[in-house]
Amino acid sequence: MKNTKFAIDPSWAAHYANYCRTHINGFIIEAMLSGCYPVLRDYKGLVKDNGEEMYDPLFENIRAIIIPWDATPKQFADALKKALKMSPAKYLKDTKFNFESEEKTTNSLTDAVEYAYNDGKNALGADKKTITLKFQEEMVWVDTINVPLVEDFTYVDFPDTPTQEDIDLMNQNSIHKVFDKDTGNQLTIYSIDYKTGKIVLKDPIANPEYRIQVTYQYYTDRIVSGKYKWYEFELDNITANIEEPYIEAHDGYELIGVSDSYVIGTFFWSDWTVSNNNKRIKFKLTNDIPVYHNGGTPVDTIYISKMEVYGNPLKCISPLKVISVGEPIEAENAYEI
């Protein structure tokens, strides 16, 4: 991808149009981090939005060639021809902007977990196809808090019946992967519920003594209703007078206030912990706001657009001086006495 000028994602899906203006998948993110100029589809108008303008922060803050989802093949080709005439200065400016933006704001983490028939996690459902990601909370395994997952292309997104070559290519480029630990084979994902962390396989797992590995990516700056996330800051200096976290958040339509105490139906932080000589800060953010609908679209996720922790660094203003007992000699920055 390092020698590729444009990264083209011609696909569009009505499913994602309910949640975003475009589908920025792992391929596009990797492409932007490799210096490619993205070509994306605009989902506006794909589903009825009752006149509401959907706010998609990723769509609004990316420099790309945007092609409407209903563009004709000729219109699509004309857009690509126009892109080829882009000036080198604009190309370099935009790709640099995208690279720096993604490097700073692609707030996702990758995790790998293993599940087995006898591990007590009960990750695999009775249908032998549905895997529910799990999280250990005080020695008990509960449904994962690491949601929403990053959007991906799965089997259900194929517009027509795919060939095996199509499936193999999809598996190879998938962000989320499931492997059979005994055979080493990758299992095809049929669909994903990104908000609950449920991964449905195309075919059931036949082995009753299964052992599987799941690799997945999830957003760290989004919290689904009813879930929470832990945040930890490692400060550069030993710090005094540490202030409460400054947080800006929204639900895609409205700004969301953050409370410092638990009140039912609010977005709040708790469990504030300072450790490691006042250098490490840890706290929990909980989304307890009930799900509501805007124009038929469920609003169930809070997006954190800014999070900062302030304090006063404890630094020595003047150099340390030590005067020897035997002789009146000053030694600046002397740390051994």
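Under this note's numbering, think of the first position of the sequence shown as 827, with each following residue one higher. Glycine included, C-beta positions come from ideal geometry on N, C-alpha and C. Computed from a predicted structure; not experimentally measured.
Span of the beta strand (DSSP E) around residue i
i: D1086; result: No beta strand (DSSP E) holds D1086; DSSP gives it neither H nor E.
i: E940; result: 934–942
i: A833; result: 832–834
i: A1075; result: 1072–1076
i: L866; result: 863–868
i: N1113; result: 1106–1113
i: E1134; result: 1127–1134
i: D969; result: 966–969
i: S913; result: No beta strand (DSSP E) holds S913; DSSP gives it neither H nor E.
i: K960; result: 960–963
i: H1119; result: 1118–1120
i: W1095; result: 1093–1101
i: I893; result: 891–894
Any chain C beta carbon closer than 8 Å to residue i
i: V966; result: No chain C appears in the structure shown, which is made up of a single protein chain.
Distance, residue j Cα to residue i Cα
i: L866; j: K907; result: 15 Å
i: G877; j: G871; result: With a pLDDT of only 46 at G877, under 50, the local geometry of the prediction cannot be trusted, and no value is derived from it.
i: D937; j: Y1020; result: 15 Å
i: F925; j: L859; result: 5 Å
i: G1023; j: T830; result: 33 Å
i: F1059; j: I1130; result: 15 Å
i: V1100; j: I1128; result: 25 Å
i: Q990; j: S1096; result: 49 Å
i: T987; j: D953; result: 23 Å
i: I957; j: K1110; result: 26 Å
i: W1098; j: V1135; result: 12 Å
i: V939; j: K955; result: 17 Å
i: G1121; j: D992; result: 36 Å
i: I1025; j: A857; result: 25 Å
i: K847; j: I854; result: Reading off the sequence shown, one finds Arg at residue 847, where the question assumed Lys. Taking the straight line joining both Cα atoms gives about 15 Å.
i: A833; j: H849; result: 13 Å
i: K1007; j: G951; result: 18 Å
i: N933; j: D1047; result: 6 Å
i: I892; j: Y917; result: 15 Å
i: D1086; j: W967; result: 27 Å
i: A905; j: K919; result: 20 Å
i: W838; j: P864; result: 15 Å
i: T1009; j: I1038; result: 10 Å
i: F923; j: D896; result: 28 Å
i: W1056; j: P894; result: 38 Å
i: T921; j: G1091; result: 41 Å
i: Y943; j: A949; result: 9 Å
i: L1061; j: L935; result: 20 Å
i: F885; j: C862; result: 16 Å
i: A840; j: K1108; result: 39 Å
i: Y1036; j: D945; result: 11 Å
Continuous alpha helix (DSSP H) stretch holding residue i: start and end
i: N999; result: 990–999
i: D904; result: 899–910
Bridge partners - residue i, DSSP secondary structure assignment
i: S837; result: Beta-bridge pairing links S837 to no other residue.
i: Y1057; result: F1109
i: A956; result: According to the sequence as given, residue 956 is Thr; it is not Ala. Per DSSP, V1026.
i: T1123; result: N1120
i: V1050; result: T1127
i: L859; result: DSSP lists no partner for L859.
i: L872; result: BP columns for L872 are empty, so no partner.
i: L1081; result: H1076
i: L950; result: I957
**Cβ pair count under 8 Å reaching 3, the segment 1040–1060 against the segment 1101–1116** = yes
**Request:** Say whether the segment 1022–1032 touches the segment 1067–1074, bearing in mind that this needs 3 or more beta-carbon pairs closer than 8 Å, one atom from each stretch.
**Result:** no
**Prompt:** Which ranges would you report for the beta strand (DSSP E) in the segment 971–1047 if only whole runs of at least 3 residues count?
**Reply:** 1003–1006, 1015–1019, 1024–1027, 1037–1045
**Message:** Check whether the segment 1007–1018 and the segment 974–982 are in contact - that is, three or more C-beta pairs closer than 8 Å.
**Reply:** yes
**Message:** Would you call the segment 995–1011 in contact with the segment 1035–1049, where contact means no fewer than 3 C-beta pairs closer than 8 Å?
**Reply:** yes
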